[in-house]
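Q:
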Amino acid sequence: MVVLGDKEFFKGIGAITYEGKSSDNPFAYKYYNADHVVQGKTMREHFKFAMAYWHTLCGTGGDPFGPGTKIFPWNASDDPIQAAKDKSDAAIEFITKMGFDYYCFHDFDLVNEADSLAESEKRIEKIIPYIKQKQEASGVKVLWGTANLFSNPRYMNGAASNPDFNVVAHAGAQVKIALDTTIALGGENYVFWGGREGYMSLLNTNMKKEQDHIGRFLNMAKDYARSQGFKGSFFIEPKPMEPSKHQYDFDAATSINTIRAYGLEDDFKLNIEVNHATLAQHTFQHELQVAANAGMLGSIDANRGDYQNGWDTDQFPNNVLETTEAMLVLLKSGGIHGGGINFDAKTRRNSTDLEDIFLAHIGGVDTFARALLIADEVLRKSPYETMLASRYESFDSGKGAEFSRGELSLEDLHAFAHANKEPEQISGKQELYENILNQYS
Ligand code: XLS
Ligand code: NI
Ligand code: NI
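Going by the numbering used here, the letters in the sequence shown line up with residues 4 to 444, in that order.
(1) Can you find the residues in the same chain that come closer than 6 Å, C-beta to C-beta, to PHE195, ignoring five residues on each side of it along the sequence?
(2) Comparing the CB of ASP167 with every heavy atom of ligand 3, is any distance shorter than 7 Å?
(3) Report the rounded CA-to-CA distance for ASP304 versus PHE75, giving the unit in angstroms.
(4) Please classify VAL41: is it buried, with 16 or more other beta-carbons within 10 angstroms of its beta-carbon, or exposed?
(5) Measuring CB atoms only, is the stretch 342–360 touching the stretch 406–425, in the sense that at least three cross pairs come out at less than 8 Å?
(6) Return helix, strand or coil for SER154, following the three-state DSSP convention.
(7) Does the Cβ of ASP347 lie closer than 7 Å to at least one heavy atom of ligand 3?
(8) Cβ of HIS173 versus every heavy atom of ligand 1: is any distance shorter than 7 Å?
(9) Would ILE130 pass as a contact of VAL143 if the rule is Cβ separation under 8 Å?
(10) Give, in chain order, every unbroken run of the alpha helix (DSSP H) that is at least 4 residues long and sits entirely within the stretch 327–411.
(11) Any idea what DSSP makes of GLU414, helix, strand or coil?
(12) Can you determine whether any heavy atom of ligand 3 sits closer than 7 Å to the C-beta of GLU276, and answer yes or no?
(13) By DSSP's criteria, SER236 is part of a beta bridge. Which residues make up the other side?
(14) Return yes when at least one heavy atom of ligand 1 lies under 7 Å from the C-beta of THR149, else no.
(15) State yes or no: is the C-beta of TRP57 nearer than 7 Å to some heavy atom of ligand 2?
(16) Below 8 Å, can you find three or more Cβ-Cβ pairs linking the stretch 47–54 to the stretch 338–346?
(17) Here's the rule: buried if 16 or more other CB atoms are within 10 angstroms of the residue's CB, otherwise exposed. What is LEU435?
(18) Quick one: Cα of LEU331 to Cα of ASN160, how far?
(19) Taking the C-alpha atoms as reference points, what is the distance between PHE13 and ASP399?
(20) Under the three-state reduction of DSSP, which class applies to PHE253: helix, strand or coil?
(21) Give the single residue among PHE233, GLY197, VAL368 whose Cα lies nearest to the Cα of GLN214.
(22) Where does LYS125 fall in DSSP's three states?
(23) Residues in its own chain within less than 8 Å of VAL145 by CB, not counting five upstream and five downstream?
(24) Helix or strand or just coil, what does DSSP make of ALA224?
(25) Taking GLY301 as part of the alpha helix (DSSP H), name the residues at either end of that continuous run.
(26) Among residues of its own chain, excluding the 5 on either side of GLY232, which ones have a beta-carbon nearer than 8 Å to its beta-carbon?
(27) Let me know the secondary structure DSSP gives TRP314 once reduced to three states.
(28) Note the first and the last residue of the continuous alpha helix (DSSP H) segment covering TYR443.
(29) So ASP270 and LYS225 are supposed to be a Cβ contact under 8 Å. How far apart are they, rounded?
(30) Mark PRO243 as exposed unless 16 or more other C-beta atoms lie within 10 angstroms of its C-beta, in which case mark it buried.
(31) Apart from the five residues just before and just after TYR133, which ones in its own chain have a Cβ nearer than 7 Å to its Cβ?
(32) For LYS384, which residues in the same chain have their Cβ closer than 8 Å to its Cβ, ignoring the five residues on either side in sequence?
(33) Quick one: is GLN250 buried, meaning 16 or more other Cβ sit within 10 Å of its Cβ, or exposed?
(34) Can you look up THR63 in the DSSP assignment and give me helix, strand or coil?
(35) Three Cβ pairs or more, each shorter than 8 Å: is that satisfied between the stretch 19–27 and the stretch 318–326?
(36) What does DSSP give as the partner residues of VAL145 in its beta bridges?
This is the structure in structure tokens:
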């Protein structure tokens with residue numbers, strides 16, 4: 004159901020619906036059919052697509068070489084509360100027209116930060132009831148909330164990892180308010196992305212102290228949220244760098260270590276972002292698999308980078324084959340736990356029509372939907388699963404099975420190897436696996 008505010012911001016665009024791949028309508032889904040069931044769950048349930056408030060409604064296209072290029076009608080008012088209301092109206096209109104159920108936000112995406120903490124808090128308290136009522140009228144929900152602990156100059160040396168306690172305390176205040184906001188808006192999860200939780204030079208950095216402070220800070224946030232009745236998951240969103248030279252939550256494996264080292268494994272999972280994976284020299288599917296293996300695949304920030312440069316370009320996903328590999332991980336590991344797929348992506352600086360925001364999201368949604376359908380076919384119809392299982396069949400019986408069960412010693416391996424000839428060469432068959440993926444796509 005499309006829900007409009009007082010003004011309609013995206014005029015001429017109605018509800019985006021599924022028309023199938025023969026449709027030429029650019030404002031229709033070709034692959035995403037929300038109610039279509041894949042492996043026991045509808046696409047809507049598999050994905051839980053979310054709009055990112057910051058890119059979609061706040062990002063006007065500024066870059067280090069020039070200001071924003073996009074004129075957003077919801078940004079017209081000089082009154083911060085009115086502007087926040089307009090933005091919220093635009094959010095609900097966009098989300099319901101897309102047929103999404105969710106959005107994600109930073110505290111100061113909802114309403115602009117003021118000059119003082121007290122005034123900022125007042126603004127947030129003022130806007131919450133308005134947004135809540137819009138959510139109730141539309142059925143739109145919050146996938147996760149977070150605090151922006153990286154834009155304000157006070158965080159130039161970090162937030163929870165800042166060498167100055169005054170700044171750490173300020174970050175704590177902001178997280179408390181962001182948690183209160185997330186809880187008030189019925190948010191299902193809460194994210195920590197530590198853009199400035201890292202360092203620029205090790206010369207002026209006590210890394211151990213900073214990391215211990217992050218551990219302490221995350222525990223405090225978790226304890227507070229639980230004391231307020233928050234039942235959702237917390238997610239750490241790994242990223243190796245940018246804006247810090249080295250970010251402490253470098254990748255999934257590093258973040259899992261943070262979670263375990265500070266005793267957070269019952270409450271924390273990971274939010275894996277595609278382009279953060281590639282910046283860490285991993286593939287997206289690698290990061291998903293690492294998270295899934297630890298039982299910590301919590302949510303996904305969908306986007307893509309650019310193979311010719313090394314920064315977070317946050318483009319919309321459009322690579323079906325790569326996304327298919329990710330969907331194989333998802334289907335085989337039982338899906339995402341608690342979170343969904345948030346489009347942490349922005350239209351290009353020169354994509355200045357309001358309709359471009361729709362086209363971009365439609366493309367991203369269809370990329371995931373098509374990839375899911377292909378992955379499902381590969382798993383059900385192709386020899387892929389059998390091939391993979393047979394690659395490890397030497398562990399299914401005999402000594403191999405005993406090894407897997409932990410029943411052999413190193414001396415046993417020594418004796419076994421002596422009793423056997425040199426192992427036969429067994430091909431990894433990578434090209435065949437790749438061909439199968441291509442065949443079903
Ligand atoms: C930046 C991150 C950020 C988080 C939320 O690279 O992706 O947008 O998702 O703070
Ligand atoms: Ni992100
Ligand atoms: Ni990012």
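Positions of the beta carbon are idealized from the N, C-alpha and C atoms, including for glycine.
A: By the coordinates alone:
(1) ILE239
(2) no
(3) 24 Å
(4) buried
(5) They do not touch, by the three-pair rule.
(6) coil
(7) Correct: ASP347 has its Cβ closer than 7 Å to ligand 3.
(8) no
(9) no
(10) Counting only runs of 4 or more residues that sit fully inside the stretch 327–411, the alpha helix (DSSP H) segments are 357–384, 387–394, 401–407, in chain order.
(11) GLU414 carries a helical assignment under DSSP once its states are collapsed to helix, strand and coil.
(12) Yes, the beta carbon of GLU276 sits closer than 7 Å to at least one heavy atom of ligand 3.
(13) ASN192
(14) yes
(15) no
(16) yes
(17) exposed
(18) For the pair LEU331 and ASN160, the Cα-to-Cα distance works out to about 40 Å.
(19) 58 Å
(20) Look at PHE253 here: in three-state DSSP terms it is coil, with no helix or strand label.
(21) GLY197
(22) helix
(23) TYR105, TYR106, CYS107, PHE108, GLN138, THR185, LEU188, GLY189, GLY190, GLU191
(24) Collapsing the DSSP output to three states places ALA224 in a helix.
(25) That residue, GLY301, is in no alpha helix (DSSP H); its beta strand (DSSP E) goes 300–305.
(26) ILE186
(27) coil
(28) 433–443
(29) 5 Å
(30) buried
(31) Once the five neighbours on either side are set aside, the close Cβ partners of TYR133 are LYS88, SER91.
(32) TYR443
(33) buried
(34) Three-state DSSP puts THR63 in coil, outside helix and strand.
(35) no
(36) TYR106
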